[in-house]
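Numbering (this note's numbering), first residue to last: 1 to 233.
C-beta: ideal position from N, C-alpha, C; glycine also.
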């Protein structure tokens, strides 16, 4: 299996580091135990409008230069920090096997909350590397995705296409666990299978080659409101 670093190196090539990037540090406290992460202010603000408003806006966080994210996962944020500085979710000494599907889903959802489409696309690429080779998609991941993303998110479509195209729609284990799936997922899967049967949808044979179809398309300018940054206050 190819290292996911190869398939994600195309994402987020917008420069975010310059000579002034390393002068000021900010603190992000993550999770209920308030695990401390120190990051360079200019870099993290260049990455995300959420952090830009938090650290450069009119909230207390801008004065203290400390932001608390009590509901976020510490392990997820470690991978986010790695991505911010390296453009890669996977470290040099890791493979996709070392990153769980749940953590990748958390990264995608975090990217959506913080307005970071490049992070979402990086997570999509690693998910494709991980699940294209017939790894079973758990109901826990599906509940995480369907419970925290809008109906139109490409990540939902990717999960549906994995099951419809790779597993043939209804794998052997489905009959014993169908009541455990999110209802919206089952509806989306039924629609996808119907389209495949009618010929209005094509079976995807190579998800890596089709990965751009699941990428989030960044808007010309991301809408930023201070109300959005206050969600975690």
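Would you mind stating whether residue 127 and residue 101 have Cβ atoms separated by less than 8 Å?
As a first step, residue 127 must be located in the chain shown, where it is residue number 127. As a first step, residue 101 must be located in the chain shown, where it is residue number 101. Against a cut-off of 8 Å, the Cβ pair of residue 101 and residue 127 comes out as a contact.
Cβ-Cβ distance between residue 138 and residue 109 below 8 Å:
Within the chain shown, the letter at position 138 stands for residue 138. Within the chain shown, the letter at position 109 stands for residue 109. Contact: no.
Proximity below 8 Å, CB of residue 207 to CB of residue 132:
By 1-based counting over the chain shown, the position of residue 207 is 207. By 1-based counting over the chain shown, the position of residue 132 is 132. With respect to the 8 Å criterion, residue 207 and residue 132 are classified as neighbours on the basis of their beta carbons.
Are the C-beta atoms of residue 189 and some chain D residue less than 8 Å apart?
Considering every chain present, this structure includes no chain D. It has just one protein chain.
Backbone CA spacing between residue 84 and residue 29 [nearest angstrom]:
Along the chain shown, read from residue 1 onward, the residue named residue 84 stands at position 84. Along the chain shown, read from residue 1 onward, the residue named residue 29 stands at position 29. Annotation: residue 84 to residue 29 spans about 16 Å, alpha carbon to alpha carbon.
Check: residue 70 C-beta below 7 Å from any heavy atom of the ligand FMN:
As presented, the structure is devoid of all ligands, the ligand FMN included, so that no description of it is given.
Start-to-end residues for the beta strand (DSSP E) that takes in residue 37
As a first step, residue 37 is located in the chain shown; it is residue number 37 there, counting from the start. Per DSSP, residue 37 belongs to the beta strand (DSSP E) from 35–40.
Quickly, what does DSSP pair residue 66 with across the bridge? List them, please.
Your numbering for residue 66 matches position 66 in the chain shown. Partner(s): 27.
So residue 96 packs on residue 130, CB below 8 Å; how close in whole Å?
Along the chain shown, one-based indexing puts residue 96 at 96. Along the chain shown, one-based indexing puts residue 130 at 130. Correct: roughly 4 Å between the Cβ atoms.
Less than 8 Å between C-beta atoms, sequence neighbours within five positions excluded: which residues of the same chain meet that for residue 195?
The residue given as residue 195 occupies position 195 in the chain shown. Only 201 meet the Cβ criterion.
Would you give the residue range spanned by the alpha helix (DSSP H) that residue 195 belongs to?
Translated into the one-based positions of the chain shown, residue 195 becomes position 195. Unbroken alpha helix (DSSP H) run through residue 195: 183–198.
Which whole-angstrom value is the C-beta distance of residue 111 and residue 119, which I expect to be below 8 Å?
Position 111 of the chain shown holds residue 111. Position 119 of the chain shown holds residue 119. With a Cβ gap of about 4 Å, residue 111 and residue 119 count as contacting.
N-terminal and C-terminal residue of the alpha helix (DSSP H) that residue 121 is part of
The sequence position of residue 121 within the chain shown is 121, counting from 1. First-last of the alpha helix (DSSP H) with residue 121: 117–131.
Counting Cβ pairs closer than 8 Å, one from the stretch 175–184 and one from the stretch 212–219, do we hit at least three?
As far as the Cβ criterion goes, the stretch 175–184 does not touch the stretch 212–219, which means the pair count is below three.
First and last residue of the uninterrupted alpha helix (DSSP H) at residue 165:
As a position in the chain shown, residue 165 is number 165, starting the count at 1. Membership of residue 165 in any alpha helix (DSSP H) is not indicated, and neither H nor E is assigned to it by DSSP.
Measuring CA to CA, which of 31, 124, 54 is closest to residue 78?
In the chain shown, counting from the first residue as 1, residue 78 sits at position 78. Cα-wise, what sits closest to residue 78 is 31.
Within the stretch 63–104, note down every full alpha helix (DSSP H) run reaching 4 residues or more, in order along the chain.
Listed in chain order, the complete alpha helix (DSSP H) runs (minimum 4 residues) inside the stretch 63–104 are 74–86.
Pull up the distance between the alpha-carbon of residue 53 and that of residue 65, whole angstroms please.
Residue 53 sits at position 53 when you count from the first residue of the chain shown. Residue 65 sits at position 65 when you count from the first residue of the chain shown. Rounded to the nearest whole angstrom, the CA to CA distance from residue 53 to residue 65 is 12 Å.
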